[in-house]
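To start, the structure itself, in structure tokens.
Residue numbers (this note's numbering): 382 to 465.
This is the structure in structure tokens:
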């Protein structure tokens, strides 16, 4: 997830990812450590509930999703944008 708040969190070794809604903290930690080869110190998880929107005059509920806030060991970084 790339937002202004997430960009500010990267300065303190925290990264935000959109994850599968049924995954738990242990699965998220293991996946991040294997994919990015970093040491994860902590995982915080937030469920973001869907919102009611109006599309073409019809009320529609946007899907709910889950995001994970990953705290890395000092000195470890994740390059999210290639070529930047």
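All residues carry an ideal CB built from backbone N, CA and C; glycine is no exception.
**Item:** Close Cβ partners of residue 465 (< 6 Å) along its chain, the five nearest in sequence each way excluded
**Value:** Annotation note: pLDDT 47 at residue 465 (below 50); position unreliable, no value reported.
**Prompt:** Taking C-beta to C-beta, are residue 402 and residue 412 nearer than 9 Å?
**Reply:** No, the pair does not count as a contact, with Cβ atoms beyond the cut-off.
**Helix, strand or coil at residue 451 according to DSSP, with G and I counted as helix** = strand
**Message:** Are the CB atoms of residue 399 and residue 448 within a distance shorter than 9 Å?
**Reply:** yes
**Message:** Please classify residue 416 as buried or exposed, where buried requires at least 16 neighbouring CB atoms within 10 angstroms.
**Reply:** exposed
**Message:** Applying the 10 Å Cβ sphere with the 16-neighbour rule, what's the burial state of residue 453?
**Reply:** buried
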